[in-house]
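Trainee: One structure, pasted below without further comment.
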Amino acid sequence: MSSQPDTEHVHDSVAQVDNEIAVGEDLEFQRKWWAFENVVWVVLTLVLLLDLLGAFGRGYLANATLSAKDESVDVRYERIVRFKTPSILTVDLGPTAVREGKIRLWVSESLLTDLGNQRVIPQPLSSVVGDGGTLYTFEATDHPTTVQFALEPSKTGTCKMSLGVRGHELLHMKVFVMP
Amino acid sequence: MDAVIRAIFGYIFLLFIVRVVGRRPGRQMTPFEFVLIFFIGGLTLSGMVGDDRSLTNALVQIVTIAVMHFLIAWLRSHSIRFGLIADGTPLVLLEKGKWRKHTMRKMALQDDDVMAAARDKGLERLDQIEFAVLERNAEISIIAVREKN
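Quick mapping for you: the protein sequence lines, in order, are chains A and B. Once you know that position 51 of the first sequence is 53 in this note's numbering, the rest is easy, because the numbers rise by one and skip nothing. Once you know that position 140 of the second sequence is 120 in this note's numbering, the rest is easy, because the numbers rise by one and skip nothing.
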């Protein structure tokens, strides 16, 4: 290998202003960049507005409710949630859901796995795994009662889930988990 | 795999946002820049790290950022176009006693920003400036009017 350094003659490769100083200004590119920046600011503003509305979760557009026709159950949940971010799914149970002082609520496996159920409030009497989900049994009076699931999604993308009171209509929901 | 993707996304997103937010002149950061850099940096970090606080995750992400940085630098030196996109172009702010008004407005600069750079060069008035150039590193270069013999 040669001990001589690799050299090259200096050329006027940097654009000059008024043929005097080599600045290398590219005003044509800069004008295009400013136009691009204007578009970016519009997009960023839209992203902010959509976020304020809840399009990315935690807001008006993200909240959803679903009711069974037989009034056995109403579900309040977030149709758009965020990865590893707590979210509450509330199940309001009607009087028809109570049978012999007990409520048997079945939830699909996706609620426990993909949507990362952390705990059930109140604590159920028992839980039985089967039929692609879990059957929770709660003690209840005739009055309407509420059960909550504290979720913390562990998988991004669309997640389907179902729940319902045993012997009544099953509700199907889709939840989108933002990365 | 997940850590690498998050690190790449965080790095590119941060580069993009900082590039769009624009250059402000000066060797010393003003409180505005401090807030911007630390806030954006901290928020990006929380998303990049996620709930994985392991040393492995940290090492993988540091290596990813290092590789990305090398890649960007390589692309910049091999493509003029990419260099323009990543760093921008130097911009003339003042040319022989005339302001480039549109450039000044778009870059959110005032005449006192130019004068601050001129004072740094030992100049006392704006009419002593032949050229003022906003460089790619956000510094303002000043070329003084040459004394006529």
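Beta carbons are placed, not taken as given, at the ideal position from N, Cα and C, and that holds for glycine.
(1) How is Glu141(A) classed by DSSP in three states: helix, strand or coil?
(2) In terms of DSSP beta bridges, what is Ser69(A) paired with?
(3) At the level of alpha carbons, what is the spacing between Gly21(B) and Leu(-6)(B)?
(4) Roughly how many angstroms separate the alpha carbons of Val1(B) and Leu51(A), rounded to a whole number?
(5) Have a look at Ile(-15)(B) and Arg116(B) and give me their C-alpha separation to the nearest angstrom.
(6) Hey, Thr158(A) and Val177(A): beta-carbon distance below 7 Å or not?
(7) Starting from Gln90(B), follow its DSSP beta bridges and name the residues at the other end.
(8) Does any residue of chain B have a CB that is nearer than 7 Å to the CB of Gly26(A)?
(9) Report the residues of the stretch 31 to 46 of chain B with a CB closer than 9 Å to any CB of chain A, ordered along the chain.
(10) Pull up the DSSP beta-bridge partners for Arg84(A), would you.
(11) Give me the DSSP bridge partner(s) of Gly132(A).
(12) Taking DSSP as the reference, what is the three-state secondary structure of His104(A)?
(13) On the three-state DSSP scale, how would you describe Glu39(A)?
(14) I'd like to know whether the C-beta atoms of Arg80(B) and Leu73(B) end up nearer to each other than 7 Å.
(15) Can you tell me whether Pro155(A) is buried or exposed? The criterion is at least 16 other CB atoms within 10 Å of its CB, across all chains shown.
(16) Starting from Asn37(B), trace the alpha helix (DSSP H) both ways and give me its first and last residue.
(17) List the endpoints of the continuous alpha helix (DSSP H) containing Leu113(A).
(18) Taking the beta strand (DSSP E) that Met28(B) falls in, what are its first and last residues?
Mentor: Here's the rundown:
(1) strand
(2) Asp76(A)
(3) 8 Å
(4) 19 Å
(5) 29 Å
(6) no
(7) Paired residue(s): none; Gln90(B) is not in a bridge.
(8) yes
(9) Asp31
(10) Met180(A)
(11) Gly135(A)
(12) The sequence as given places Lys at residue 104(A); His does not occur at that position. The answer is strand: DSSP assigns Lys104(A) an E or B state.
(13) helix
(14) yes
(15) buried
(16) 35 to 58
(17) 111 to 114
(18) Counting along the chain, Met28(B) falls outside any beta strand (DSSP E), though it belongs to the alpha helix (DSSP H) covering 11 to 29.
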